[in-house]
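As structure tokens, the structure follows; a few thoughts come after it.
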Amino acid sequence: MRAVLTRGMDGRSVLGRVWSGWRRGLAVSTAPEDAGFGIEARHQRQPRGSRLRSGPLGDQPFPGLLPKNFSREELVDALRAAVVDRKGPLVTLNKPQGLPVTGKSGELTLLSVLPELSQSLGLGEQELQVVRASGKESSGLVLLSSCPQTASRLQKFFIHSQRAQRPTATYCAVTNGIPTASEGKIQAALKLERIDGVNLTVPVKAPSRKDILEGVKKTLSHFRVVATGSGCALVHLQPLTVFSSQLQVHMVLQLCPVLGDHTYSARVGTVLGQRFLLPAESTKPQRQVLDEALLRRLHLTPSQAAQLPLHLHLHRLLLPGTRARDTPIELLAPLPPYFSRTLQCLGLRLQ
């Protein structure tokens, strides 16, 4: 694993020109805004400023999350309310944190309710399929299509962009710790290993050819620090490979775990204020521990911090234009309310 300093990875030269039709449909300010999800967001609307108050959080420390127990019908309603744009066969929604895209038979997932969501959106027999989506623990953009041909075209675009090392997805993350470099590349070989009955992503220092054949994958992400404050950072992450928990593990390798990472953050130890990596194979997942100063800034008790949601949000997604030489189309998803409030508490601003 290594971090390499690079330049010009903020994506502005790629993302600067945006097709106005999509931009109007997804009008998102560059300042942190909140986007309510689910039942709470629909039935408990509050004045715009009240969600971002910087005082104690009370009984609901993380506004914008789906309720723990919700019905199939409530999930469909929540997803319909989370739609941020529709163009032709494409439907874009802003997925709440904690909702799995796929799962076991009988489990309530995004995929399991797509038939009902398609009907709810008036698509008739044209059932939606997932083209691109953020993972279960992350929030943000989900791209759906009711046209198989369009879905296939977009999948080919994503594969080609990945092979050409052109990032198409940009995540926003809040990290506990500030990366040493302001921007760069994170490269690491990763594998899935079953530890205490749980599949976890583990780095491999010097993978052999046999390791690669047995499932070890060389992974790569770009990162750029957008803002820092209170010992934390707002970071833009652009994965150029796809692997389970890639971004979380990459930030752990930078000794800056994502805020709310209750799976991999325990791999970062601290002695006399100095951080170091603990062995991944022997470090069990545990609730992320935050120091007292950070808890005060976030207005959280230790028990509330133990429930802190993962602050990893798929914020931007690039799609191909209508013609080959057209400027890529940019999709944007507003930050969840709890994410926006964290930024305000820490004095961070999305540029």
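Just so we're aligned: the sequence shown equals residues 52 to 402 in the numbering used here. We put the beta carbon where it would ideally sit given N, CA and C, even for glycine.
Cβ-based neighbour list, residue i, same chain, cut-off 7 Å, excluding 5 preceding and 5 following
i, result
"L150", "L117, L161 and K187"
"Q206", "V182"
"Q216", "L291"
"R318", "V303, L328, L329, A331 and T334"
"G106", "Residue placement at G106 is flagged as unreliable, the pLDDT there being 46, under the threshold of 50; a coordinate-derived value is accordingly withheld."
"S338", "A small correction: the amino acid at residue 338 is Arg; Ser does not occupy that position in the sequence shown. Hits under 7 Å: H313 and A357."
"S212", "T219"
"V135", "L77, T143, L144, N145 and A384"
Test item: CB-CB of residue i and residue j under 7 Å
i, j, result
"H273", "Q289", "yes"
"L368", "A220", "yes"
"T252", "S295", "yes"
"Q148", "V277", "no"
"P258", "A331", "no"
"R326", "L346", "no"
"Q238", "L194", "no"
"V164", "L126", "yes"
"A132", "N145", "no"
"E234", "R260", "no"
"I210", "A284", "no"
"G115", "P387", "yes"
"A202", "Q177", "no"
Contacting residues, own chain, Cβ-Cβ under 6 Å from residue i (five flanking each side not counted)
i, result
"F208", "P371"
"L174", "S197"
"G398", "G280"
"F113", "P360 and Y389"
"R400", "A278"
"V23", "This structure leaves residue 23 out entirely; the chain is present only between 52 and 402."
Residue span of the alpha helix (DSSP H) that contains residue i, given as start and end
i, result
"D312", "First-last for D312: undefined, no H or E at that position."
"H362", "Per DSSP, H362 belongs to no alpha helix (DSSP H) and is neither H nor E."
"T378", "Element bounds for T378: n/a, residue is neither H nor E."
"F390", "P388 to L397"
"L168", "L165 to S171"
Contacts around residue i, its chain only, beta-carbon distance under 8 Å, and the 5 residues preceding and following it disregarded
i, result
"V309", "A224, V225, T226, N227, L298, Q299, M302, S316, L361, H362 and L363"
"D262", "A240, K242 and V255"
"V79", "Caution applies to V79, whose pLDDT of 32 falls short of 50 and renders its modelled position unreliable; the model cannot decide the point."
"S122", "none"
Where the beta strand (DSSP E) through residue i begins and ends
i, result
"V142", "L141 to K146"
"R137", "V134 to K138"
### Query
Does the count of Cβ pairs from the segment 309-323 and the segment 347-367 closer than 8 Å reach three?
yes
### Query
Does the pairing of the segment 189-202 with the segment 362-369 give three or more beta-carbon distances under 8 Å?
yes
### Task
Scan the segment 273-354 and note each continuous beta strand (DSSP E) run of 3 residues or more that stays entirely inside, going in chain order.
283-290, 319-322 and 325-328
### Message
Counting beta carbon pairs with one atom in the segment 379-390 and one in the segment 159-173, are three or more of them shorter than 8 Å?
### Response
no
### Query
In the segment 179-265, which residue ranges form an unbroken beta strand (DSSP E) of at least 3 residues, counting only runs that do not cross its ends?
180-184, 190-196, 220-227, 234-246 and 249-255
### Message
So, does the segment 386-397 touch the segment 241-252, judging by three or more C-beta pairs under 8 Å?
### Response
no
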